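Asks: Going letter by letter, the sequence shown gives residues 946 to 1517 in the numbering used here. Don't be surprised by glycine CBs; every beta carbon is placed ideally from N, CA and C. Fair warning: this is a prediction, and the values are worked out from it, not measured in the lab. One structure is given below, represented as structure tokens, and several questions about it will come after.
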Amino acid sequence: MATTLPKTDIVLAGVGWVGGIIAAELTKKGYKVVGIERGKERTTEDYYMAHDELRYAQRYEMMQDLAKETVTFRHNKKQRALPYREWGSFLIGEGVGGSGLHWNGQTFRFLPYDFEIYSKTVERYGKDKIPAGMTLQDWGITYDELEPYFDKFDAMTGIAGEPNPLPGSPQVKYPNPPMMETPVTKLFKEASKKLGYHPYHMPSNNLTKNYTNPDGISRSACQYCGFCERFGCEYGAKASPIVTVIPVAKKTGKFDVRTHSVVRRVIHTDGKASGVLYVDTRTGEEYIQPADVVVVSAYQMNNIKLLLNSKLGTPYDPETGRGAVGKNYAYQTYLGKATGLFDEKEFNLYGGAGALGAQIDDFNGDFFDHSKLDFLHGATIHITHLGDRPIANNNVPHGVASWGKEFKEKSVFYANRSLQIKAQGSSMPWKDNYIDLDPTYKDAFGDPLLRMTFNWKDQDRNLMKYMGNKSAEIMKEMGATHVNKGGDDIADYDIRNYQSTHNTGGVIMGADPETSVLNSYLQMWDCDNVFVPGASAFPHNSGYNPTNTVGALAYRAAEGIEKYLKTGGSLV
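Here you go:
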């Protein structure tokens, strides 16, 4: 029998960027918030000795335990899905701060085109440009409507950057100047300009100078240590929930975080939620936390799982197209890249930062004409100076074996002579790429696992091939002796190899309750005191990292929650 606890105003199922932002915003207004987090509490002190590539980057110290919680995977519904038991294609963090602790800090606003992608595509190219089976739709909100929330996220985190020089791109004034120029970023920019493109420094959430945000939170500048992605930041220079919004919420005395606890159900009746059921993983005891508002604020996949297991919303049926929970799962196309090996140039690649890089947007969104192309949207093409750690980085020319004497000699020689240009591409939604509950496999608590049905389409393959050619073009202009190009002959999606932790969709927002789960305030159409912000709300994925858009939508949701607590009812 579950123990019922005293009621609170708001309960959060997950305490990462979304949960932290909502907790900070609502506790400042006087509301009581309870955050329930599956992992442990973390502070910057936990990372004083964290420069350990084997422990964190190879053995995934900060990630969920896949023996207890995972997804099953198949390429199509004719296959039997099997559990994902070794980390590969994407990495889901746990603990207070969530995936916002182990990210790189690359921080972009989605384009105006993204939020109205269906309307703008049809307006420019006609309906026939959208392939059969592509479930493209507008978001129910525009860039202009979301811009004030982007500004809030930028100011809270202290983003460092410079305006995008590409004509027609949003001109953003960032709180801090861009990260340092390096020989790597300089070479990329020079080559890109020679080819007629518009390079600039990527926006970074690694601080470039000491900064105090509007909430009075002060943080120190980045030390360029090279341990960002898959690591926590001991300096607090990399923006994360534990050094920005969570301290603000805790300072009010109205935020209670319960760690080592997993929310199993949202409790609801007749279109109203009354709270959540969660289990303390240390004792096995179950609790009911009543609340006026429930916020599902975990990682994208965990949001979908909680709604499906709670029987909240209508599950998506790929046969009929009805229902929307699990619909429009999208990822990121990241295989259109070029590795350059330089016999005559050497770089210092050990130091760096997660968002130290330069890029072009000339082939992103709809900045270029797609009339004669066999794909929609595009990609950012970028080079980064992350800090090449030795276990993960052993680039050698094509034709050299991946073991033996020659491999050792070449990998040592090219250790500081190897650069990579990547194209981070968009991912469009398809009727047969979706998420549902697995009928066979269960988690440690006996609840069904999520089942992912996903594969690349010709849209993805064509985009990656095109971007691979563009990446190789720039790398050759940079003077590389050998260029290893990716993007050709891509077969099925391979879940075994890391690509990107940018999973999106499944609890999508929109203007129509028939084709979406949430309105523009991230409020459920079917249960108006449940809000589900996060990347699960994206109807498709862009050519950018999702974090800034996740943050902006979280601020929008916080505003909506306050309105709901005052007036009740649907906000749209």
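Looking only at its own chain, which residues have a Cβ that is under 6 Å from the Cβ of D1288, when we skip the five neighbours before and after it?
Replies: For the purposes of this step, residue 1288 is taken as residue 343 along the sequence shown, with counting starting at 1. Cβ neighbours of D1288 beyond the five flanking positions: T1426.
Asks: For the 8 Å Cβ check, are there 3 or more pairs between the segment 1298-1315 and the segment 1142-1162?
Replies: Taking 8 Å as the limit for Cβ pairs, the verdict is that the segment 1142-1162 does touch the segment 1298-1315.
Asks: Assuming N1273 and P1484 form a contact by the criterion Cβ under 8 Å, report the distance between their Cβ atoms to the nearest whole angstrom.
Replies: For the purposes of this step, residue 1273 is taken as the residue at position 328 of the sequence shown. For the purposes of this step, residue 1484 is taken as the residue at position 539 of the sequence shown. Confirmed, about 5 Å.
Asks: Can you give the Cα-Cα distance for N1414 and G1450, rounded to whole angstroms?
Replies: As a first step, residue 1414 is located in the sequence shown; it is residue number 469 there, counting from the start. As a first step, residue 1450 is located in the sequence shown; it is residue number 505 there, counting from the start. Going by the C-alpha atoms only, they are around 29 Å apart.
Asks: Taking only the alpha-carbon atoms, compute the straight-line gap between L1321 and S1034 and give it to the nearest angstrom.
Replies: Locating residue 1321 in the sequence shown gives position 376, counting from the first residue. Locating residue 1034 in the sequence shown gives position 89, counting from the first residue. Distance between the alpha carbons of L1321 and S1034: 23 Å.
Asks: Under the three-state reduction of DSSP, which class applies to G1043: helix, strand or coil?
Replies: Taking the first residue of the sequence shown as 1, we reach residue 1043 at position 98. G1043: helix per DSSP, three-state reduction.
Asks: Measuring only the C-alpha atoms, how far is K907 from S1137?
Replies: The structure shown does not extend to residue 907, since the chain is modelled only from 946 to 1517, so the question has no answer here.
Asks: Can you name the residues that DSSP bridges to Y1145?
Replies: For the purposes of this step, residue 1145 is taken as the residue at position 200 of the sequence shown. DSSP lists Q1304 as partners of Y1145.
Asks: For Y1279, does the three-state DSSP call read helix, strand or coil?
Replies: Walking along the sequence shown from the start, residue 1279 turns up at place 334. In the structure shown, Y1279 sits in a strand (DSSP, three-state: E or B).
Asks: Reducing DSSP to helix, strand and coil, say where N1254 ends up.
Replies: By 1-based counting over the sequence shown, the position of residue 1254 is 309. Looking at N1254 - three-state DSSP - the assignment turns out to be helix.
Asks: Following the continuous beta strand (DSSP E) through K1217, name the residue where it begins and the one where it ends.
Replies: Reading the sequence shown from its first residue, position 272 is the one you call residue 1217. First-last of the beta strand (DSSP E) with K1217: 1217-1225.
Asks: At 4 residues or longer, what runs of the alpha helix (DSSP H) sit wholly inside the segment 1400-1454?
Replies: Qualifying alpha helix (DSSP H) stretches, in chain order: 1403-1422.
Asks: For chain D, find out if any of its Cβ atoms is closer than 7 Å to the Cβ of D1403; answer yes or no.
Replies: This model lacks chain D altogether; it includes just one protein chain.
Asks: Rounded to whole angstroms, how far is the Cβ of T989 from the Cβ of G1181, which I believe are closer than 8 Å?
Replies: Taking the first residue of the sequence shown as 1, we reach residue 989 at position 44. Taking the first residue of the sequence shown as 1, we reach residue 1181 at position 236. With 8 Å as the limit, T989 and G1181 qualify as a contact, their Cβ atoms being about 5 Å apart.
Asks: Please name the residue, chosen from A1194, Y1295, K1355, that lies closest to G1332 on a Cα-to-Cα basis.
Replies: Counting from one through the sequence shown, the residue named residue 1332 turns up at place 387. Comparing Cα-Cα distances from G1332 to each of A1194, Y1295, K1355, the minimum goes to Y1295.
Asks: Quick check on DSSP: helix, strand or coil for M994?
Replies: For the purposes of this step, residue 994 is taken as the residue at position 49 of the sequence shown. M994: coil per DSSP, three-state reduction.
Asks: Helix, strand or coil: how does DSSP classify F1200 here?
Replies: Within the sequence shown, the letter at position 255 stands for residue 1200. Strand at F1200.
Asks: Measuring straight from C-alpha to C-alpha, what distance separates I1506 and S1165?
Replies: As a first step, residue 1506 is located in the sequence shown; it is residue number 561 there, counting from the start. As a first step, residue 1165 is located in the sequence shown; it is residue number 220 there, counting from the start. Approximately 32 Å, taken between the alpha carbons.
Asks: When the Cα of Q1051 is compared with those of A1502, A1499, T1446, E1230, which residue comes out closest?
Replies: For this step, residue 1051 is matched to residue 106 along the sequence shown. The residue with the shortest Cα to Cα distance from Q1051 is T1446.
Asks: Which residues mark the beginning and the end of the beta strand (DSSP E) in which T1130 is found?
Replies: Locating residue 1130 in the sequence shown gives position 185, counting from the first residue. Per DSSP, T1130 belongs to no beta strand (DSSP E); it is in the alpha helix (DSSP H), 1128-1139.
Asks: So, helix, strand or coil for M1397, using DSSP?
Replies: Walking along the sequence shown from the start, residue 1397 turns up at place 452. Strand.
Asks: DSSP has Q1365 in a bridge; who is on the other side?
Replies: Here residue 1365 refers to the residue found at position 420 when the sequence shown is read from its first residue. T1284.
Asks: Quick one: any contact between the segment 1211-1226 and the segment 1248-1262, if contact means 3 or more CB pairs under 8 Å?
Replies: At 8 Å Cβ cutoff, the stretches touch.
Asks: Do you know offhand how far N1474's Cα is from R1406's?
Replies: The sequence position of residue 1474 within the sequence shown is 529, counting from 1. The sequence position of residue 1406 within the sequence shown is 461, counting from 1. Answer to the nearest angstrom: the Cα atoms are 41 Å apart.
Asks: Tell me where the alpha helix (DSSP H) around R1069 begins and ends.
Replies: Position 124 of the sequence shown, counting from 1, holds the residue named residue 1069. First-last of the alpha helix (DSSP H) with R1069: 1062-1070.
Asks: May I ask which residues mark the beginning and end of the alpha helix (DSSP H) holding S1356?
Replies: Sequence index remark: in the sequence shown, residue 1356 carries index 411 (1-based). That run of the alpha helix (DSSP H) goes 1349-1358.
Asks: Can you tell me whether DSSP reads Y1295 as helix, strand or coil?
Replies: Residue mapping note: residue 1295 aligns to position 350 of the sequence shown, counting from 1. In the structure shown, Y1295 sits in coil (DSSP, three-state: anything other than H, G, I, E or B).
Asks: At the level of alpha carbons, what is the spacing between E1088 and L1498?
Replies: Working through the sequence shown from its first residue, we reach residue 1088 at position 143. Working through the sequence shown from its first residue, we reach residue 1498 at position 553. Sequence check: residue 1088 is Tyr here, not Glu. Y1088 and L1498: Cα-Cα distance of roughly 11 Å.
Asks: What whole-angstrom Cβ distance do G1268 and T1259 have, given they're in contact under 8 Å?
Replies: Taking the sequence shown and counting its residues from 1, one reaches residue 1268 at position 323. Taking the sequence shown and counting its residues from 1, one reaches residue 1259 at position 314. G1268 to T1259, Cβ: 4 Å. Contact.
Asks: Provide the residue(s) that pair with M1008 in DSSP beta bridges, ordered along the chain.
Replies: Against the sequence shown, residue 1008 aligns to sequence position 63. Note: M1008 sits in a beta bridge opposite G1038.
Asks: Rounded to whole angstroms, what's the CA-CA distance from V1345 to I1336? Just pull it up for me.
Replies: Within the sequence shown, the letter at position 400 stands for residue 1345. Within the sequence shown, the letter at position 391 stands for residue 1336. Each residue's alpha carbon lies about 18 Å from the other.
Asks: Counting Cβ pairs closer than 8 Å, one from the segment 1065-1078 and one from the segment 1466-1473, do we hit at least three?
Replies: Flag = no, the segment 1065-1078 and the segment 1466-1473 do not touch.
Asks: Spatial neighbours of M1412 within its chain, please: C-beta separation below 7 Å, excluding the five flanking residues on both sides.
Replies: Position 467 of the sequence shown, counted from the first residue, corresponds to residue 1412. Excluding residues within five positions, the ones whose Cβ falls inside 7 Å are G1281, F1308, A1324, I1326, A1368, G1370, G1432.
Asks: Helix or strand or just coil, what does DSSP make of N1121?
Replies: Here the question's residue 1121 lines up with position 176 in the sequence shown. In the structure shown, N1121 sits in a strand (DSSP, three-state: E or B).
Asks: Using a threshold of 6 Å, is the CB atom of A1184 nearer than that to any non-hydrogen atom of the ligand FAD?
Replies: Among the components modelled here there is no ligand, and therefore nothing to report on the ligand FAD.
Asks: Is the separation between the beta-carbon of M1397 and that of I1419 shorter than 7 Å?
Replies: Mapped onto the sequence shown, residue 1397 falls at position 452. Mapped onto the sequence shown, residue 1419 falls at position 474. Going by C-beta atoms, M1397 is not nearer than 7 Å to I1419.
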